[in-house]
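Residues 1 to 105 in the UniProt record's numbering are what the first sequence lists, from first letter to last. Here a beta-carbon is modelled for each residue, glycine too, at the ideal position from N, C-alpha and C. Below is one structure, written out as structure tokens; comments come after it.
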Amino acid sequence: MASGSEDERRQAIFATVMAIPPGRVCSYGEVARLSQQPGLARFVGRILGEVDGLPWFRVVRAGGQIAFAQETQKYHEQVSRLVAEGVEIKNGRVQDWKQRYWQGY
DNA sequence: GTGATGACGTAGG
DNA sequence: ACCTACGCCATCA
Numbered sequence: 001m002a003s004g005s006e007d008e009r010r011q012a013i014f015a016t017v018m019a020i021p022p023g024r025v026c027s028y029g030e031v032a033r034l035s036q037q038p039g040l041a042r043f044v045g046r047i048l049g050e051v052d053g054l055p056w057f058r059v060v061r062a063g064g065q066i067a068f069a070q071e072t073q074k075y076h077e078q079v080s081r082l083v084a085e086g087v088e089i090k091n092g093r094v095q096d097w098k099q100r101y102w103q104g105y
């Protein structure tokens, strides 16, 4: 898979990220899979940084870890946004990962 | 053209 | 739990 033009792939990723329900989180790798592009987790991260209007804060690393270093501004912004939706974060980690993890409908 | 670099993931020691 | 090695792919020096 993972075929199609780069633009089509970006489109698919955009749609997947937009579909993540509030209060839930998803991993980069899962977003890639749900977008029919298994293995392209890095690509997902790049898109999140380029496109605006996406609920980028709902995407974390596999296992529930926040992708940014704790001392960065990005890290704090992501945490506050997740907390605002009721997602608990502790030591850079999403609590209750299994329940918070969204794997599509 | 080549090698390094990311908002990553999995496998193995 | 920690670390290394690869795989992935667009971008940039």
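Sort out for me which residues DSSP pairs residue i with in a bridge.
i: I89; result: V94
i: V60; result: S27
i: V65; result: Checking the displayed sequence, the identity of residue 65 turns out to be Gln instead of Val. Partner(s): R93.
i: Y101; result: V25
Starting from the Cα of residue i, find the closest Cα among the options and give me that residue.
i: M18; options: E8, G53, P38 and Q99; result: G53
i: I66; options: Q11, R9, E88 and Q37; result: E88
i: G63; options: N91, F14 and R81; result: N91
Quick one: residues in its chain with C-beta nearer than 6 Å to the C-beta of residue i, no 5 flanking neighbours on either side, listed in chain order?
i: G86; result: G23
Which word fits residue i, buried or exposed, when buried means at least 16 other C-beta atoms lie within 10 angstroms of its C-beta?
i: R46; result: exposed
i: V51; result: exposed
i: A12; result: buried
i: V83; result: exposed
i: Q37; result: buried
i: R42; result: exposed
Within the same chain, show all residues whose beta-carbon is closer than 7 Å to that of residue i, passing over the 5 residues directly before and after it, in chain order.
i: V94; result: V25, V60, G64, V87 and R100
i: V31; result: I13, T16, V17, V44 and V59
i: I20; result: C26, P55, R58 and W102
i: A69; result: Y75
i: R10; result: I47
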